[in-house]
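Undergrad: Got a structure here, written out as structure tokens. Questions coming.
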DNA sequence: AATCCGTGGTC
DNA sequence: TGACCAAGGAT
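Residue numbers (full-length UniProt numbering): 1 to 317.
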């Protein structure tokens, strides 16, 4: 969960997740739908699929591999996580190199080459940081202390060099460039895409949902029926032409959602209907409104659902 | 190697 | 408001 996600965002998910799946065996034997639903809202959903597969691999192996090489084979476990688990769980004297450690290292050695090209060099320098006897003897404490140094004192914008135990050895501080490091190459500009989503509710209080494709963005997650997401804005006439079925569709509003590599605007259309035809449901499934929270609804779709639902409620009253 | 993959907090 | 960033991994 902590891969690219802050402790604060993870904490409530972690508590709910470990309550729902208290053991590796429980997670391994769970339905994937339930795992995805427990992850919904956290993002990077391949992590949930990988973690589920990882639990199954660990059960098949009869336990956790206890060294970096063995861990590295598991789904979703890359160089960083293998080193972190080896050091923290199994006392192996290795240095997990995450974003914090990259930053500390870039400053300590005054590496001015920008990321991402400097990544390999930073990793090679970082793995020498635990050369001291004390660090070798306490791999878990050393790894976590390094994370904490990076997240608290050696922070991205305004490092507290005056409080840093490594200030005397820090080349970046000595040169007065610590706060500028690590340098980064400019990022590609984020394109905008447009689409529409449809929320229909029947007299029994059910709504129609769909399951997304197994690969790609929001893979295997739940969504409202909708149009393609394209570079060009849609007119209302165009949108109504591709609605999942004919109904008195009304515009509830527009949802904005920022993904890593594009910004999405979705026009949310709502309709109150008597009942869903078999034809309408063939593409998806019906869920009572109060059960939508139990489905694997990603945040962008949660926003659409809330916008549409509040519009339907207004029209009733 | 470069791209794809979410989301929420912060300044 | 917007750009940056977070206990990265897979392809």
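Just so you know, even glycine gets a beta-carbon here, dropped at the ideal spot from N, CA and C.
#1: Determine the direct distance from the alpha carbon of residue 275 to that of residue 6, and round the result to whole angstroms.
#2: Verify whether the separation of the beta carbon atoms of residue 272 and residue 206 is less than 8 Å.
#3: Can you name the residues that DSSP bridges to residue 257?
#4: I need the boundaries of the alpha helix (DSSP H) containing residue 142, first residue and last residue.
#5: Give the secondary structure of residue 64 by DSSP, where H, G and I count as helix, E and B as strand, and everything else as coil.
#6: Please check the pair residue 252 and residue 242, which I expect to be a contact at CB under 8 Å, by giving their CB distance rounded to whole angstroms.
#7: Report all residues from its chain with a CB closer than 7 Å to the CB of residue 177; omit the five preceding and five following residues, and keep chain order.
#8: Let me check one thing: in DSSP terms, what residues is residue 270 bridge-paired to?
#9: Whose C-alpha, out of 197, 59, 216 and 157, is nearest the C-alpha of residue 234?
#10: Between residue 52 and residue 299, what straight-line distance do the alpha-carbon atoms span, to the nearest angstrom?
#11: Just the C-alpha distance for residue 303 and residue 297, rounded to the nearest angstrom, thanks.
#12: If I measure Cβ to Cβ from residue 240 and keep anything under 7 Å in the same chain, skipping five residues before and after, which residues do I get?
#13: Near residue 104, which residues of its chain fall below 7 Å by C-beta distance, leaving aside the five closest residues on each side in sequence?
#14: Among residues of its own chain, excluding the 5 on either side of residue 13, which ones have a beta-carbon nearer than 8 Å to its beta-carbon?
#15: If you follow the alpha helix (DSSP H) that residue 239 is in, where does it begin and where does it stop?
#16: Measure the alpha-carbon distance for residue 22 versus residue 48 and round it to whole angstroms.
#17: State the start and end residues of the unbroken alpha helix (DSSP H) segment that holds residue 88.
#18: If I measure Cβ to Cβ from residue 136 and keep anything under 7 Å in the same chain, skipping five residues before and after, which residues do I get?
#19: When the Cα of residue 229 is compared with those of 266, 63 and 84, which residue comes out closest?
#20: Specify, as a first and last residue, the run of the alpha helix (DSSP H) that residue 25 falls within.
#21: Cα separation between residue 24 and residue 31?
#22: Taking only three categories from DSSP, how would you classify residue 206?
#23: Would you mind working out which of 26, 115, 283 and 310 sits nearest residue 185, comparing C-alpha positions?
#24: So, at 6 Å on beta carbons, what are the nonlocal neighbours of residue 91 in its own chain, with the 5 sequence-adjacent residues on each side left out?
TA: According to the structure data:
#1: 43 Å
#2: no
#3: 264
#4: 139 to 148
#5: coil
#6: Residue 252 to residue 242, Cβ: 17 Å. No contact.
#7: 110
#8: 199 and 250
#9: 197
#10: 21 Å
#11: 10 Å
#12: 249
#13: 146, 149, 150 and 154
#14: 1, 38, 39, 41 and 42
#15: 236 to 241
#16: 15 Å
#17: 79 to 90
#18: 93 and 130
#19: 266
#20: 24 to 29
#21: 13 Å
#22: strand
#23: 115
#24: 139
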